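Quick notes on the structure that follows.
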Amino acid sequence: MTDVANRIAHRIAKDIDARPEQVLATVTLLDGGDTVPFVARYRKEVTGGLDDAQLRLLAERLGYLRELEKRRASILGEIQTQGKLTDALARAITAADTKAVLEDLYLPFKPKRRTKAMIARENGLEPLLRAILADRATEPAALAKRHLSEAVPTEKDALNGARDILAEELGENASLLGRLRQVMQQEALITARVNKGKEDVGAKFSDYFAHREKWATIPSHRALAILRAAKEDIVTVDIGPDEDTTLPRVIGMIAAEIGIPGQGPGDRWLHDAAAWTWRIKLSLSMFVDLMTELRRRAHATAIEVFARNLRDLLLAAPAGARATLGLDPGIRTGCKIAVVDETGKLLDTATIYPFQPRNDLRGSEETLLHMIRKHGVALIAIGNGTASRESERLIADVLKRLPAGVARPTPVIVSEAGASVYSASELASQEFPDVDVSIRGAVSIARRLQDPLAELVKIEPQAIGVGQYQHDVDQRHLALSLAAVVEDAVNAVGVDVNMASAPLLSHIAGLGPSLAQNIVAYRDENGAFPTRKALLKVAGLGPKAFQQCAGFLRITDGKEPLDASSVHPEAYGVARKIVQACGRDVRAIMGDSAALAGLNAEQFVDDSFGLPTVRDILAELEKPGRDPRPAFKTASFAEGIDSITDLKPGMSLEGTVTNVAAFGAFVDIGVHQDGLVHVSQLADRFVKDPHEVVKAGDVVRVRVTEVDVPRKRIGLTMRKDNSQEKSQAPRHAEKHKPRGKGPASAGPAASAQSHGALGSALAQALKRPADPKR
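Going by my numbering, the first residue of the sequence shown is number 9, and it counts up by one from there.
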């Protein structure tokens, strides 16, 4: 083990709350090409049980620290080449634990453009600075007279040159910079002031026209709002010390570095030079550092919020494999209809015009009745865009006309967010080359009700709209973070290799777009895969890729029963030993918890597979192919509450959480505008993180506290005193098992089901005016 590897392992171990040996073992796996999902599930003995969140952070920190070490080696080499590397400097560079500290140490040796300090030295003014430092009792102007020349005609020019040299030396003092940065990080204030004449155009940022708070504690959403306002030239932002308290301390720290013991003329000149150095040079350097760190911190928090919401959406409850009618509402252009079967295959399409200007209500109802009866529709997914509530009433009237004895489908409001992006994508063109773009949106709406994970992976995560200032944050970091979320979600659920689309397969560990396409092509040409081992016949899918992906791919009703489970093929031997111990056939034992209950996991441990793996196998045999997603559940919108103007303070309503931010949760209550439950209103106790209480997709009961129609803002509360308010009668709500089949009971349309991100407010969130506090 090298010193560098050991140093990195200890740093990461502290960051992820693990032991250095766990980190070293995991790094070996990742460097060997293993994926995070594979390591998290199938290499627990090696990693000591690190979960996927720890592994993701480990991988991220590993990249940063390796870059840091590479930069450290480069700096050491450069200073060594200059012949200026001392033992003390080498130790300081080796001990630097951040890139900022490392760059501070390198500053004096970094090649730079010609500076004022360089010119002053060329003009022979460095001895003047040394004289002032050595003789504090003599007037600096008197000392300056000895250093006049053609290039330095006056005492003022000489003293200014000496000051330039002093400022450069202070600006390259790594110890001073580190101490100043620490004080500023603890005590600096961030200030925003409105730019003259921008009050009206920037009214949405009015909360920040005269704003000041501590840099260290400003929440991510406020920081991002201020940064956006500055970018739009609405406000000017400054980050600096409090002038009454911190600024004198800062100037004093710089003066102390120079060494100002008394009140002589030289001391006074040096003190003024220290203040000038802060004002002209160091304050700007600190501003840049703190602004960079603020932006990084705010972006990281916003990306974390986005990632958590996206994960909740992707792992939301599927309505199940049932024939579904998707309805994409529209007024002038009509409502687009698409019916898909239990597997998501497109069966039928239509366009109806029940609203203005055609008002073909009778014809629209007949079309819907015909399609429902013809295809045995069990679910109706209604897009949440314009005319969604009108379409909901249309569907309710249609269902009333179904004859007695005919199973009535369940209508559900589903978010359209991202559907138009999918419709116009190359993937949609490949899936439905002969289908109109607008109809493709209806297909997506229907499928995302059946299985949100399978459908949402076809859409860029940014287009789903569950983020906080998603377009303002570092797009590369955002993309990497969201890709990891999608990968973890897909592998947590697993996919049926004989049913899955190429986009879904591409997120399986070890595959990617190219191998996913090859799998689909092989399946189309040769039929369903009979076993997991048959995947090795796919072009380009070698032993390593098979090792990574096999455990996450399912084959139901195949030749090998264990292929339908998450048991990895490499551990089939252990699984068969367990089955043999029960004295029954593998198919008979799978799902029989009673038969497995009496087994002792320790007796099946061997040199290759430890206790964590054996326990996972036992759990999988007990519930083979178990879906980690929750049961499908719908919320109910109140009758007659269709727009923000229908709301009154005190109303108690049911809704679906669509987005969780650092300051609270947004809830769809069926009025085409999300209401905000501020973090202080989430519970009857102090809540630091809204995710402690709610997540995207939760069905909650809220009470209206405030309605601001002009600004389209709705204030809500979830505090328990809701029960004391008059409740609006909810409509029918139902629960289903994730994979339940059969007709659903009749009932008016529910709001977005528990895959919440599919809640109606998400699309609306893209339309609403920017809220500077979000």
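Just so you know, even glycine gets a beta-carbon here, dropped at the ideal spot from N, CA and C. Keep in mind the model is a prediction, meaning the values are calculated, not measured.
With a CB to CB cut of under 8 Å and the five nearest residues on each side skipped, what residues in its chain are close to residue i?
i, result
"L543", "V505, I527, F537, L549, F554, C557, A558, L561"
"R455", "T332, G334, V348, G352, A462, E463"
"R409", "E373, L377"
"R366", "G342"
"V498", "L322, L461, V465, L512, H515, I516, F560"
To the nearest angstrom, report how far apart residue i and residue j are at their CA atoms.
i, j, result
"A462", "V707", "22 Å"
"V348", "V451", "7 Å"
"D252", "Q30", "49 Å"
"T394", "I234", "32 Å"
"P460", "V582", "34 Å"
"R531", "A596", "29 Å"
"L97", "Q193", "25 Å"
"G449", "A329", "19 Å"
"L93", "Q478", "45 Å"
"R592", "T642", "41 Å"
"H576", "T621", "10 Å"
"R189", "A691", "38 Å"
"Q62", "R27", "12 Å"
"M294", "A175", "14 Å"
"E180", "P116", "5 Å"
"D697", "S82", "41 Å"
On the CB-based measure, 16 or more other CB atoms within 10 Å of its CB, does residue i come out buried or exposed?
i, result
"K545", "exposed"
"D288", "What sits at residue 288 in the sequence shown is Ile, not Asp. Looking at its Cβ environment, which holds fewer than 16 other Cβ atoms inside 10 Å, I288 is exposed."
"S399", "buried"
"D571", "buried"
"R319", "buried"
"R370", "exposed"
"V209", "exposed"
"E700", "exposed"
"G767", "Note that G767 scores 35 on pLDDT, short of 50, meaning its location in the model is unreliable; the coordinates nonetheless yield the value given after this. Buried: at least 16 other Cβ atoms inside 10 Å."
"G267", "exposed"
"P419", "buried"
"H378", "exposed"
"I16", "buried"
"E207", "exposed"
"G71", "exposed"
"A218", "exposed"
"A103", "exposed"
Taking C-beta to C-beta, are residue i and residue j nearer than 9 Å?
i, j, result
"A675", "V687", "The question names Ala, yet the displayed sequence has Val at residue 675. No, the Cβ-Cβ distance between V675 and V687 is not below 9 Å."
"M261", "V191", "yes"
"L133", "G85", "no"
"T199", "I247", "yes"
"A492", "V12", "no"
"L136", "A125", "no"
"P273", "R171", "no"
"G518", "E53", "no"
"F671", "P227", "yes"
"V685", "V710", "yes"
"I453", "V422", "yes"
"A100", "A182", "yes"
"L724", "I677", "yes"
"N317", "V474", "yes"
Among the options, which residue has its Cα nearest to the Cα of residue i?
i, options, result
"I516", "E495, Q525, Y530", "E495"
"L66", "L110, G413, H18, G205", "H18"
"R416", "I388, A427, L402", "I388"
"T564", "V385, S293, R540", "R540"
"D480", "L278, T55, H219, I311", "I311"
"V202", "Y72, Q193, E195, S214", "S214"
"L655", "K720, G672, Q611, D624", "K720"
"K728", "Q689, D716, E700, V717", "Q689"
"G606", "I586, D624, P620", "I586"
"Y114", "G186, E68, V474", "G186"
"A487", "V501, I467, A500", "I467"
"T713", "V668, I677, M659", "M659"
"S291", "L255, G384, E265, T146", "L255"
Just checking: is the beta-carbon of residue i within a distance shorter than 9 Å of some beta-carbon in chain D?
i, result
"V505", "Protein chains in the displayed structure number just one, and chain D is not present."
Using a Cβ-Cβ cutoff of less than 6 Å, which residues in the same chain neighbour residue i once the five nearest sequence positions on both sides are dropped?
i, result
"V160", "N131, A166"
"I20", "V31, L66, R69"
So, at 7 Å on beta carbons, what are the nonlocal neighbours of residue i in its own chain, with the 5 sequence-adjacent residues on each side left out?
i, result
"S731", "Bear in mind that a pLDDT of 44 at S731, under 50, signals an unreliable position, so the model cannot answer this."
"S489", "I311, A315"
"Y50", "G559, H576"
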